[in-house]
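**Q** Numbering (the numbering used here), first residue to last: 179 to 603.
Note that the Cβ used here is the ideal one computed from N, Cα and C, for glycine as well.
Take this structure, written in structure tokens, and hold onto it; I'll ask about it next.
The structure is reproduced here in structure tokens:
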């Protein structure tokens, strides 16, 4: 995480919410907003950055539900249960315009801060509500995504408030928890989730009941998983495309009888414009257009995603996309989870080759993966190395941070060097 945020860009005396419990997060956020204070939403994995944040923002207060954490103890945190006068959330006109500071996932580098404005959040979510329909209003929202994540924050905390719906203040971690909640609920569920969590539900063969809708985001949902998930949940899956900087951009429905991926449809009153450096997304609630990191094929108000603008890699004059390579390795029967990436160059003259992390299914071998890839991928793009791991270090939102991936890659290289270095007699 980087604290590269101008202290003058955040008004007043901000607070940092460092809470493990969604109940404590909810209480802390309501209290802070009632005080008209901007909230930094800090994932537990990044609490070690709080000392640096306090230096950058000397007036920063820290709210937590955790006593005795060495990363926070020296910073005089306020225990959330001791907060007074929490009450109901203020009306829209009484909220601070700078409602929160959220952080990008770190999948392409260090997580970066971004200020969320109340007007932009409301503008986005009112359009989402209009698209998703009236079934939102009487539903119970359930989330597998932490509330401090941009997607969880917008869809599992704010969207229910915008709709006048209820939120279950518990992060659902296991598929069985989701099944139990659905069986017991008197209300229909709107589930906020990720492809990673849906994959676990599908692999267990669950058939969930009492589901009004599902919103999925954070990574691409492939056609096979989309079809299986729609059967598992009993409803079409609403996939959301967006970013930390823009909020939601477009939605699309993924159905059980899907044959090819459907196009994305822009939210109402938003536009895409092609420029010399990609596509810009504009919305009446955003201060200025935002250049997207993806290449798009636009047809009116619909579009297809062709890949990221930084997705193409070149090896010895040949080109391939990391998205394409990730799709090819993911469908290999021996693979439970995987990630293709381009390591950082260690010298200006070296030829960069893609590498990959792979979690194998029971009984599978590393050579099974390489043999399958050799039939579909040019040898130049075979992963060098292919690193077998017990489990990929995915975060709570299902994403991988580049720094975690590179730590595994560098540890693998050190182990190889150590294994081949002769021992002096």
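(1) Using only CA atoms, which one of 271, 263, 406, 221 lies nearest to residue 328?
(2) When the distance is taken between beta carbons, is residue 344 closer than 8 angstroms to residue 318?
(3) Determine the direct distance from the alpha carbon of residue 425 to that of residue 304, and round the result to whole angstroms.
(4) Could you have a look at residue 301 and say whether DSSP puts it in helix, strand or coil?
(5) According to DSSP, simplified to helix, strand and coil, what is residue 555?
(6) Going by DSSP in three states, residue 417 sits in which element: helix, strand or coil?
(7) For residue 256 and residue 277, what's the separation of their Cα atoms in angstroms?
(8) Apply the 10 Å Cβ neighbour rule to residue 352 and answer buried if 16 or more other Cβ atoms are within range, or exposed otherwise.
(9) Taking the beta strand (DSSP E) that residue 291 belongs to, which residues open and close that run?
(10) Which residue from 231, 467, 259 puts its Cα closest to that of residue 244?
(11) For the beta strand (DSSP E) holding residue 498, just list the boundary residues, first then last.
(12) Which first and last residues belong to the beta strand (DSSP E) in which residue 483 is found?
(13) Going by DSSP in three states, residue 197 sits in which element: helix, strand or coil?
(14) DSSP three-state label for residue 235, please.
(15) With a 10 Å radius around its C-beta and 16 neighbouring C-beta atoms as the bar for buried, classify residue 248 as buried or exposed.
(16) Can we say the segment 363 to 376 touches the segment 471 to 488, given the rule of at least three CB pairs closer than 8 angstroms?
(17) Threshold first: 4 residues or longer. Then list the alpha helix (DSSP H) segments lying entirely within the segment 397 to 467, N to C.
(18) Please list, in chain order, all residues of the same chain as residue 615 whose beta carbon is under 8 angstroms from its beta carbon, the five residues on each side excluded.
(19) Hey, residue 497 and residue 490 are a contact pair by Cβ (cut 8 angstroms); roughly how many whole angstroms apart?
(20) Beta-carbon separation of residue 374 and residue 539 under 8 angstroms?
(21) Going straight from the alpha carbon of residue 239 to that of residue 214, what length do you get?
(22) Please determine if the segment 408 to 418 and the segment 384 to 399 are in contact, where contact requires at least 3 C-beta pairs separated by less than 8 angstroms.
(23) Taking the beta carbon of residue 438 as the centre, do at least 16 other beta carbons fall within 10 Å, making it buried, or is it exposed?
(24) Select from 588, 492, 452, 396 the residue whose C-alpha is nearest the C-alpha of residue 371.
(25) Taking just the CA atoms, how far does residue 261 sit from residue 487?
(26) Which value, in whole angstroms, describes the spacing of the CA atoms of residue 199 and residue 246?
(27) Can you list, in chain order, the stretches of the alpha helix (DSSP H) that have 4 or more residues and sit fully within the segment 208 to 288?
(28) Go through its chain and collect everything with a Cβ distance to residue 533's Cβ below 8 angstroms, but skip five positions before and after it.
(29) Out of 494, 495, 310, state which residue places its alpha-carbon closest to the alpha-carbon of residue 418.
(30) Measure the C-alpha to C-alpha separation of residue 197 and residue 553 and round it to an integer number of angstroms.
(31) What does a CB cutoff of less than 7 angstroms around residue 404 pick up in its chain, not counting 5 residues either side in sequence?
(32) Give me whichever residues DSSP pairs with residue 321 in a beta bridge.
(33) Looking at the structure shown, is residue 326 part of a helix, part of a strand, or coil, going by DSSP?
(34) Could you tell me if residue 557 is buried or exposed, where buried requires 16 or more neighbouring beta carbons within 10 angstroms of its beta carbon?
(35) If you measure between the beta carbons of residue 242 and residue 275, is that distance less than 8 angstroms?
(36) Closest to residue 190 by CA distance: which of 495, 380, 516, 236 is it?
**A** Let's see:
(1) On the chain shown, position 150 is the one that residue 328 refers to. Comparing Cα-Cα distances from residue 328 to each of 271, 263, 406, 221, the minimum goes to 221.
(2) As a first step, residue 318 is located in the chain shown; it is residue number 140 there, counting from the start. As a first step, residue 344 is located in the chain shown; it is residue number 166 there, counting from the start. Going by beta carbons, residue 318 and residue 344 fall inside the 8 angstroms limit.
(3) Counting from 1 along the chain shown, the entry for residue 304 is found at position 126. Counting from 1 along the chain shown, the entry for residue 425 is found at position 247. Approximately 12 angstroms between the Cα atoms of the pair.
(4) Position 123 of the chain shown, counted from the start, is the residue given in the question as residue 301. Here DSSP, grouped into helix, strand and coil, assigns residue 301 to helix.
(5) Here residue 555 refers to the residue found at position 377 of the chain shown. Reduced to three states, the DSSP call for residue 555 is coil.
(6) Taking the first residue of the chain shown as position 1, residue 417 is located at position 239. Three-state result, residue 417: strand.
(7) Mapped onto the chain shown, residue 256 falls at position 78. Mapped onto the chain shown, residue 277 falls at position 99. Roughly 20 angstroms separates the two Cα atoms.
(8) The residue given as residue 352 occupies position 174 in the chain shown. Looking at its Cβ environment, which holds fewer than 16 other Cβ atoms inside 10 Å, residue 352 is exposed.
(9) The residue labelled residue 291 in the question sits at position 113 within the chain shown. Residue range 291 to 295 is occupied by the beta strand (DSSP E) that includes residue 291.
(10) Counting from one through the chain shown, the residue named residue 244 turns up at place 66. Ranked by how close their Cα comes to the Cα of residue 244, the residues 231, 467, 259 have 259 in first place.
(11) Taking the chain shown and counting its residues from 1, the one referred to as residue 498 is at position 320. Element bounds for residue 498: 496 to 499.
(12) Start at 1 with the first residue of the chain shown, and residue 483 comes out as number 305. From DSSP, the beta strand (DSSP E) with residue 483 extends over 480 to 486.
(13) The residue labelled residue 197 in the question sits at position 19 within the chain shown. The three-state secondary structure of residue 197, taken from DSSP, is coil.
(14) Walking along the chain shown from the start, residue 235 turns up at place 57. Collapsing the DSSP output to three states places residue 235 in coil.
(15) Numbered from its first residue, the chain shown carries residue 248 at position 70. Exposed is the call here.
(16) Judged by Cβ distances under 8 angstroms, the segment 363 to 376 makes no contact with the segment 471 to 488, as fewer than three pairs qualify.
(17) Annotation: the segment 397 to 467 contains the following complete segments of the alpha helix (DSSP H) (minimum length 4 residues), in chain order: 401 to 411.
(18) Any property of residue 615 remains undetermined from this structure, which presents the chain solely from 179 to 603.
(19) In the chain shown, residue 497 corresponds to position 319, counting from 1. In the chain shown, residue 490 corresponds to position 312, counting from 1. Contact check for residue 497 and residue 490: beta-carbon distance about 6 angstroms, within the 8 angstroms limit, so the pair qualifies.
(20) Against the chain shown, residue 374 aligns to sequence position 196. Against the chain shown, residue 539 aligns to sequence position 361. Against a cut-off of 8 angstroms, the Cβ pair of residue 539 and residue 374 comes out as no contact.
(21) Translated into positions along the chain shown, residue 239 becomes position 61. Translated into positions along the chain shown, residue 214 becomes position 36. C-alpha separation (whole angstroms): 13 angstroms.
(22) Contact check between the segment 408 to 418 and the segment 384 to 399: three or more CB pairs, one atom from each, fall below 8 angstroms, which counts as touching.
(23) Within the chain shown, the letter at position 260 stands for residue 438. A residue is called buried when at least 16 other Cβ atoms come within 10 angstroms of its Cβ; residue 438 does not meet this threshold and is exposed.
(24) Walking along the chain shown from the start, residue 371 turns up at place 193. Taking only the C-alpha atoms, the option nearest residue 371 is 396.
(25) Working through the chain shown from its first residue, we reach residue 487 at position 309. Working through the chain shown from its first residue, we reach residue 261 at position 83. Rounded to whole angstroms, the gap between the alpha carbons of residue 487 and residue 261 is 46 angstroms.
(26) Stepping through the chain shown from its first residue, residue 199 is reached at position 21. Stepping through the chain shown from its first residue, residue 246 is reached at position 68. Within the model, the alpha-carbon separation for residue 199 versus residue 246 is close to 15 angstroms.
(27) Here the runs fully enclosed are 228 to 234, 248 to 251.
(28) By one-based count along the chain shown, residue 533 stands at place 355. Excluding residues within five positions, the ones whose Cβ falls inside 8 angstroms are 518, 519, 520, 521, 561, 562, 563, 564, 565, 587.
(29) On the chain shown, residue 418 is found 240 positions in, with the first residue counted as 1. Nearest option by C-alpha distance: 310.
(30) Start at 1 with the first residue of the chain shown, and residue 197 comes out as number 19. Start at 1 with the first residue of the chain shown, and residue 553 comes out as number 375. Cα-Cα distance, rounded: 48 angstroms.
(31) Here residue 404 refers to the residue found at position 226 when the chain shown is read from its first residue. Around residue 404: 415, 432, 436.
(32) In the chain shown, residue 321 corresponds to position 143, counting from 1. In DSSP, residue 321 forms a bridge with 349, 370.
(33) Within the chain shown, the letter at position 148 stands for residue 326. If DSSP states are grouped into helix, strand and coil, residue 326 belongs with coil.
(34) Here residue 557 corresponds to residue number 379 of the chain shown, with the count starting at 1. Here residue 557 is exposed: its Cβ has fewer than 16 other Cβ atoms, across all protein chains shown, within 10 Å.
(35) On the chain shown, position 64 is the one that residue 242 refers to. On the chain shown, position 97 is the one that residue 275 refers to. In this structure, residue 275 does not lie closer than 8 angstroms to residue 242 by Cβ.
(36) Residue 190 sits at position 12 when you count from the first residue of the chain shown. Answer by Cα proximity: 236.
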